[in-house]
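Visitor:
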Amino acid sequence: MGGRILRIELLRSVAPLAALLIAAAGLFVIYAGNLPEASWMDLVVRQRTLLVLILPLALGAGAWQGIRERRSKVEELFHTTPRPRWRRVLPTAGAMAIAAVATYLVTLAGATGHLQHANGYLPASAGPLIAIGALSMVAAVWVGLAVGALLPSPLTSPMVVVAGFVALTLVPNMIHPTGPGSPGSPGGYLFFPNLQVPDLNEGKVDTGAALHMLTGRANLAQALWLLALAVAGLALHAAARPATRLAALLPIALGAVVAVALLPANLAAAWVDNPHATELTCTTDQPRICIPRAQSHMLDKLRDPAGQALSILDSKLPSAPVAVTVQIDERADDTRPAADTLLLRLELNASDAALTRDRLLARMLEGGGVPLCLSLMGREPTSETTTRYMAARLAVVGWLLDREPPQRGGPEGALAIAALGALRALPADQQRARVTALRDAERGCLTGDRLDLLTGSGTNG
Amino acid sequence: MVRAVSTAETAPTTYGWTIQAEALRVRAGRRMAVDGLDLSVDAGVHGLLGPNGAGKTTLMRSIATVLRPAGGTLTLLGEKVSGRLDLRGIRRQIGYLPQEFGFYRRFTVREFIEYIAWLKEMPAAEIPGAVQRAIERVGLTDRAQDRMKTLSGGMVRRVGIAQAIVNDPAILLLDEPTAGLDPEQRMQFRALLRELGTDTCVVVSTHLVEDVAAACTDVVLIDNGRLVFQGVPADLSAAAGDEAGDGDSAAERGYSAILRRHRDKQVK
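Chain order of the listed sequences is Z and W.
Residues in the first sequence are numbered from 1 upward in steps of one, following the UniProt record's numbering.
Residues in the second sequence are numbered from 1 upward in steps of one, following the UniProt record's numbering.
(1) Between the Cα of leucine 211 of chain Z and those of Z:Arg71, Z:Arg331 and Z:Ala350, spot the shortest distance and give me the residue it belongs to.
(2) Going along chain W in order, which residues have a C-beta closer than 7 Å to the C-beta of isoleucine 175 of chain Z?
(3) Grab the span of the beta strand (DSSP E) containing isoleucine 113 of chain W for me, first residue to last.
(4) For threonine 459 of chain Z, which residues in the same chain have their Cβ closer than 7 Å to its Cβ, ignoring the five residues on either side in sequence?
(5) Which residue's Cα is closest to the Cα of arginine 190 of chain W: W:Ala250, W:Leu172 and W:Ala215?
(6) Please report whether the beta-carbon of threonine 65 of chain W lies at a distance below 8 Å from any beta-carbon of chain Z.
(7) Is the beta carbon of leucine 262 of chain Z less than 8 Å from the beta carbon of arginine 217 of chain Z?
(8) So who's on the other strand from serine 205 of chain W, going by DSSP bridges?
(9) Please list, in chain order, all residues of the same chain as residue 476 of chain Z whose beta carbon is under 6 Å from its beta carbon, the five residues on each side excluded.
(10) For the region 75-89 of chain W, enumerate the residues whose C-beta is nearer than 9 Å to any C-beta of chain Z, in chain order.
(11) Is the Cβ of valine 74 of chain Z closer than 8 Å to any Cβ of chain W?
(12) Is the CB of lysine 265 of chain W under 8 Å away from at least one CB in chain Z?
(13) How long is the line joining the alpha carbons of glycine 461 of chain Z and alanine 428 of chain Z, rounded to whole angstroms?
(14) On a CA-only basis, which of Z:Ala15, Z:Leu21 and Z:Thr169 is nearest isoleucine 98 of chain Z? Give me that one, please.
(15) Under 8 Å, Cβ to Cβ, is there at least one residue of chain W near proline 154 of chain Z?
(16) Quick one: list the residues of chain Z neighbouring glutamate 100 of chain W, beta-carbon separation under 8 Å, in chain order.
(17) Which residue or residues does DSSP assign as beta-bridge partners of serine 40 of chain W?
(18) Where does residue 468 of chain Z sit, in a helix, a strand or coil, going by DSSP?
(19) Would you kindly work out how many angstroms separate the C-alpha atoms of leucine 74 of chain W and leucine 119 of chain W, rounded to a whole number?
(20) Is there a Cβ of chain Z sitting closer than 8 Å to that of tyrosine 255 of chain W, yes or no?
(21) Which word fits glutamate 366 of chain Z, buried or exposed, when buried means at least 16 other C-beta atoms lie within 10 angstroms of its C-beta?
(22) What is the DSSP secondary structure of glycine 78 of chain W, reduced to helix, strand or coil?
(23) Does any residue of chain W bring its CB to less than 8 Å from the CB of isoleucine 5 of chain Z?
(24) Would DSSP call tyrosine 189 of chain Z helix, strand or coil?
(25) Where are the beta strand (DSSP E) runs, 3 residues long or more, that stay fully inside the region 267-304 of chain Z, in chain order?
(26) Assuming alanine 294 of chain Z and threonine 278 of chain Z form a contact by the criterion Cβ under 8 Å, report the distance between their Cβ atoms to the nearest whole angstrom.
(27) Helix, strand or coil for residue 273 of chain W per DSSP?
(28) So what's phenylalanine 189 of chain W in DSSP terms, helix, strand or just coil?
(29) Among residues of its own chain, excluding the 5 on either side of serine 39 of chain Z, which ones have a beta-carbon nearer than 6 Å to its beta-carbon?
(30) Please check if any C-beta of chain Z sits within less than 8 Å of the C-beta of arginine 91 of chain W.
(31) Determine the direct distance from the alpha carbon of aspartate 333 of chain Z to that of glycine 391 of chain Z, and round the result to whole angstroms.
(32) Quick one: using the 10 Å Cβ neighbour count with 16 as the cut-off for buried, is methionine 187 of chain W buried or exposed?
(33) Is the region 107-115 of chain Z close to the region 129-138 of chain W, with three or more CB pairs under 8 Å?
(34) Kindly indicate if chain W contains any beta-carbon less than 8 Å away from that of arginine 48 of chain Z.
(35) In the region 233-260 of chain Z, which residues sit with their C-beta less than 8 Å from some C-beta in chain W, listed in chain order?
(36) Under 8 Å between the Cβ atoms of alanine 162 of chain W and isoleucine 113 of chain W?
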C-alpha cells in the first residue's frame with residue numbers, strides 16, 4: 001500500500017510541478033550560455049555550479065510541500081489516525097526525493113543539446129559529481145520539508161528560496177578575501193554543493209575541466225556531508241516531539257566533523273589531473289591511431305587522412321612512420337616520438353572546421369610528419385625565425401602532396417611557395433634527400449635554419 | 001457488497017460501554033469546556049445537542065483522541081484514555097469528521113479516502129474495496145475520479161463522511177455533518193446514519209434539532225460542559241409538555257424547555 005500512496009504523492013504533491021519548473025529554469029540558464037560546453041566534464045561541472053540557482057528552488061519546493069498539512073487544515077484529522085507521523089511523511093519525502101533526483105538527471109540529459117560532442121569522452125569521475133549533485137537536491141527538498149513543517153507560513157517558501165540563494169552566493173565570497181578562485185582558498189569551500197572551481201589550468205593553456213577530476217576524498221567528504229544534511233532534514237520533518245527534533249540535528253554535527261577531517265586544507269588540492277582522460281587508446285585495425293580518451297570522438301575524422309598521410313610518407317620518404325599518435329596540443333612538449341610514429345597535435349576541443357580531411361592531412365604532413373619543435377620557435381609569432389621555420393615545414397607539405405603549400409594567412413605563406421619552387425628545381429633524388437634531412441632535424445629538434453636545410457646551398461647544396 | 005470480516009470484528013466485546021465518561025474534564029485553551037461530564041453510550045445514533053459553547057466540539061475532540069482529558073476518566077472501547085496509553089489500537093477503530101474538515105485539493109476523491117484508509121492502518125488488501133464501499137454509501141460514485149477542489153461544499157462534506165466510515169469504525173464521530181447538505185442529501189444522510197447505528201456507536205454533534213429527532217436513537221444534551229439530558233427523541237419532544245416555548249417543532253420546544261429548566265435550577 002505504501003507503494004500506492006507513493007504513486008499518489010508523485011502525482012499530487014508539488015513534486016511533479018516543481019521538477020518541471022526547476023528543470024526548465026536550469027536548462028534555460030545552461031542554454032543562455034553563448035558557447036556550448038566543450039566536454040562532458042565541463043557540462044557536469046557547469047551543472048554543479050548551477051546548483052546555486054536550483055538548490056534554493058528545490059529548498060522552496062520542499063518547504064511548500066512541508067506546509068501542506070497546515071495549509072490544507074488536515075492536521076486535526078490526521079492526528080486522530082493511528083499511523084505515526086514518521087510513517088506518514090515517508091511517501092511524501094520519497095516522492096520529493098525521486099522528483100529531486102529526476103530533476104537533476106533530466107536537466108543534465110536536456111543540457112546535452114548544448115554540448116559540443118555528445119559522443120565525447122564521459123569520464124567515470126563524472127559519476128560521483130553527478131550523484132553528489134543529485135544528492136544535494138534530495139538534501140535540499142528534505143531540509144525544505146522540515147522548515148516548512150516547523151514554520152508553516154505562506155511566506156516560508158519564498159523566504160527559504162531567498163535565504164538559500166543568499167547563502168550559496170554571498171557566503172563563499174566571505175570565506176576568503178579573493179573567493180574560491182585564488183590559490184590559497186581553503187578546502188572548506190567543498191561544504192558548498194554548488195562546486196567552487198579553482199583555477200584548474202594555472203600557468204597552462206585553459207582546457208576547462210575536461211582533464212581534471214575531484215579527488216575521491218573530496219567527493220566522499222561532500223557526499224557524507226550532504227547525506228548528513230539530508231538525513232537531518234528528513235528526521236527533523238518526521239519528528240513529532242521537540243526532543244526528537246533536537247536529536248534529529250545530530251547528523252549535521254556528525255557530518256560536519258567527518259567532512260572537516262576528510263577535506264584538504266586547500267581547495268586547489270581537491271582537484272587533480274585525470275590520468276584516464278589523457279591516456280591513449282589505440283585502434284586495432286589499420287591505420288593504427290592512438291588518441292587520448294578525451295579526444296576519442298575525433299577518431300572517425302582522423303582515419304582517412306591518417307591512412308593517406310602514412311601511405312604518402314611511405315612512398316616518398318625513407319623510414320616512414322607506420323602509426324599515428326594524437327597529442328593534446330595544450331599539453332604538448334618537445335618529447336619526440338619514435339621514428340615509426342607520426343605525432344599529431346590536436347587542440348583538446350578542436351572545432352569541426354579544424355578537422356576537415358584536407359586540413360588534417362596537411363597538419364599530419366607538416367615537417368615530414370613531425371610536430372614542430374616548440375623550443376625552436378621565436379619569441380614573437382611574427383619573428384623572422386618563426387616565419388622561416390614555419391615556411392620550411394609548410395613547403396614540405398606542398399612537396400609531399402605535389403601541390404601548392406597550404407596557406408595559413410601569415411607571412412610564411414609566400415616564403416613557403418618560393419621555397420617549394422627552389423626545392424623542385426633540384427634533381428629528384430636531391431629533393432628527397434633534403435626533405436628527409438629536414439624531417440630528421442625535426443625529429444631531433446636540432447638547431448639550425450630549416451629553410452636553409454631545404455633549399456639553401458648548405459651541406460647538401 | 002460482500003467483504004471479509006475479521007475475527008476481531010466478530011469477537012464479542014469485553015467492555016461495558018463503547019464510550020464512557022465519568023466526571024470528565026477537558027480543557028479547550030484556557031477554558032474548561034467539558035467540566036464534570038458523565039456519559040455512557042453504546043451502539044446507536046446519539047445526537048449531541050447543546051447551545052454554542054456548551055462543549056460539544058471539545059467533547060467530540062476528546063473522544064477523537066485529539067485532546068487529552070484534564071480530569072475524570074474517559075474510557076473508549078474498554079480502554080482508559082490517559083497519557084500513558086498507546087492510542088493506536090483505539091484510533092484504528094475511530095472514524096472522525098472534524099467540524100472544520102480539511103482535505104488535499106489536488107487529490108481525487110478516491111485518492112483522498114484511500115490515503116485516510118492508509119493512515120488508519122487498514123490492511124492493504126482491504127483498502128480498495130473499503131474505499132469503493134464508502135464512496136458508494138455517500139453517493140459519490142460518479143465523482144470518485146474528480147479532484148477534491150472541483151467539489152461543491154455539500155460534496156466535500158460527503159467525502160468527509162466517507163473518510164470517517166471507510167474503516168468501519170466502532171466509534172464514529174461526526175461534528176456538524178449536515179452543514180452544506182441540501183434537503184435531499186440530508187434525508188439520504190439520515191438513512192445512512194440509521195443504517196450505521198445498528199452496529200456502530202455514532203455520535204453526531206449538531207445544531208439542528210430536527211436532524212436528531214429524525215435520525216437518532218438517542219439524544220444527548222449538554223450545557224456548560226455537563227450532561228443535561230439523555231433519552232430517546234420522543235422524550236425530548238415530550239419534555240416541553242404544555243409549556244409555551246420557543247421552537248417550531250415539538251423537539252425544538254422540548255430542547256429549549258429542558259435548557260431553560262436546567263439553567264433556572266443552576267441559578268437557584
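Backbone N, C-alpha and C define an ideal beta-carbon position, used for all residues, glycine too.
Here the structure is a predicted model, which means the values were calculated and not measured.
Guide: Well, looking at it:
(1) Counted from its first residue, the first sequence places residue 211 of chain Z at position 211. The option with the nearest alpha carbon to leucine 211 of chain Z is Z:Arg331.
(2) The sequence position of residue 175 of chain Z within the first sequence is 175, counting from 1. Here the premise fails: no neighbours, minimum Cβ distance about 42 Å.
(3) Counting from 1 along the second sequence, the entry for residue 113 of chain W is found at position 113. Per DSSP, isoleucine 113 of chain W belongs to no beta strand (DSSP E); it is in the alpha helix (DSSP H), 109-119.
(4) The residue you call residue 459 of chain Z lines up with position 459 of the first sequence. Interpretation of threonine 459 of chain Z is limited by its pLDDT of 44, a score under 50 that renders its predicted location unreliable; no figure is taken from the coordinates.
(5) On the second sequence, position 190 is the one that residue 190 of chain W refers to. Of W:Ala250, W:Leu172 and W:Ala215, the residue nearest in Cα terms is W:Ala215.
(6) Within the second sequence, residue 65 of chain W is the residue found at index 65, counting from 1. Answer yes: the Cβ-Cβ gap between threonine 65 of chain W and chain Z drops below 8 Å somewhere.
(7) Within the first sequence, the letter at position 262 stands for residue 262 of chain Z. Within the first sequence, the letter at position 217 stands for residue 217 of chain Z. In contact: leucine 262 of chain Z and arginine 217 of chain Z (Cβ atoms closer than 8 Å).
(8) The residue you call residue 205 of chain W lines up with position 205 of the second sequence. Per DSSP, W:Leu48 and W:Asp175.
(9) Here chain Z covers residues 1 to 461 and nothing more, so residue 476 of chain Z does not appear.
(10) Leu87, Arg88 and Gly89
(11) The sequence position of residue 74 of chain Z within the first sequence is 74, counting from 1. Yes, contact with chain W.
(12) The residue you call residue 265 of chain W lines up with position 265 of the second sequence. It does not; no Cβ of chain Z falls within 8 Å.
(13) Position 461 of the first sequence, counting from 1, holds the residue named residue 461 of chain Z. Position 428 of the first sequence, counting from 1, holds the residue named residue 428 of chain Z. Because glycine 461 of chain Z sits at a pLDDT of 35, beneath the cut-off of 50, its placement in the model cannot be relied upon, and the following sentence gives the value as read from the coordinates. For glycine 461 of chain Z and alanine 428 of chain Z, the distance between alpha carbons rounds to 13 Å.
(14) On the first sequence, position 98 is the one that residue 98 of chain Z refers to. That would be Z:Ala15, whose Cα lies nearest to the Cα of isoleucine 98 of chain Z.
(15) Position 154 of the first sequence, counted from the first residue, corresponds to residue 154 of chain Z. Against chain W, the CB of proline 154 of chain Z has no partner CB under 8 Å away; the residue lies outside that interface.
(16) Reading the second sequence from its first residue, position 100 is the one you call residue 100 of chain W. In chain order: Lys73 and Glu76.
(17) Reading the second sequence from its first residue, position 40 is the one you call residue 40 of chain W. DSSP, once it has assigned bridges, lists W:Gln20 as partnering serine 40 of chain W.
(18) Not covered by the structure: residue 468 of chain Z. The range shown for chain Z is 1 to 461.
(19) Here residue 74 of chain W corresponds to residue number 74 of the second sequence, with the count starting at 1. Here residue 119 of chain W corresponds to residue number 119 of the second sequence, with the count starting at 1. Going by the C-alpha atoms only, they are around 24 Å apart.
(20) In the second sequence, counting from the first residue as 1, residue 255 of chain W sits at position 255. False, the Cβ-Cβ gap to chain Z never drops below 8 Å.
(21) The count along the first sequence starts at 1 and reaches residue 366 of chain Z at position 366. Answer is buried; the Cβ neighbour count reaches 16.
(22) Sequence index remark: in the second sequence, residue 78 of chain W carries index 78 (1-based). Glycine 78 of chain W: coil per DSSP, three-state reduction.
(23) Numbered from its first residue, the first sequence carries residue 5 of chain Z at position 5. So yes, isoleucine 5 of chain Z belongs to the interface.
(24) Walking along the first sequence from the start, residue 189 of chain Z turns up at place 189. Looking at tyrosine 189 of chain Z - three-state DSSP - the assignment turns out to be helix.
(25) 271-273, 280-282 and 288-292
(26) Locating residue 294 of chain Z in the first sequence gives position 294, where the first residue counts as 1. Locating residue 278 of chain Z in the first sequence gives position 278, where the first residue counts as 1. Sure, about 7 Å apart at Cβ, within 8 Å.
(27) Absent from the model: residue 273 of chain W. The displayed extent of chain W is 1 to 268, so no value can be given.
(28) Within the second sequence, the letter at position 189 stands for residue 189 of chain W. Helix, per DSSP.
(29) Position 39 of the first sequence, counted from the first residue, corresponds to residue 39 of chain Z. Correct list, in chain order: Gly120 and Ala210.
(30) Residue 91 of chain W sits at position 91 when you count from the first residue of the second sequence. At least one chain Z Cβ lies under 8 Å of arginine 91 of chain W.
(31) Your numbering for residue 391 of chain Z matches position 391 in the first sequence. Your numbering for residue 333 of chain Z matches position 333 in the first sequence. The sequence given here has alanine at residue 391 of chain Z, not glycine. So the two alpha carbons sit approximately 21 Å from each other.
(32) Here residue 187 of chain W corresponds to residue number 187 of the second sequence, with the count starting at 1. Methionine 187 of chain W should be labelled exposed.
(33) Because the criterion of three Cβ pairs below 8 Å is not met, the region 107-115 of chain Z and the region 129-138 of chain W do not touch.
(34) Taking the first residue of the first sequence as 1, we reach residue 48 of chain Z at position 48. Not closer than 8 Å to any Cβ of chain W, the Cβ of arginine 48 of chain Z fails to qualify, so no.
(35) Closer than 8 Å at the C-beta level to chain W, one finds no residue of the region 233-260 of chain Z.
(36) One-based indexing of the second sequence puts residue 162 of chain W at position 162. One-based indexing of the second sequence puts residue 113 of chain W at position 113. Result yes, Cβ atoms of alanine 162 of chain W and isoleucine 113 of chain W sit closer than 8 Å.
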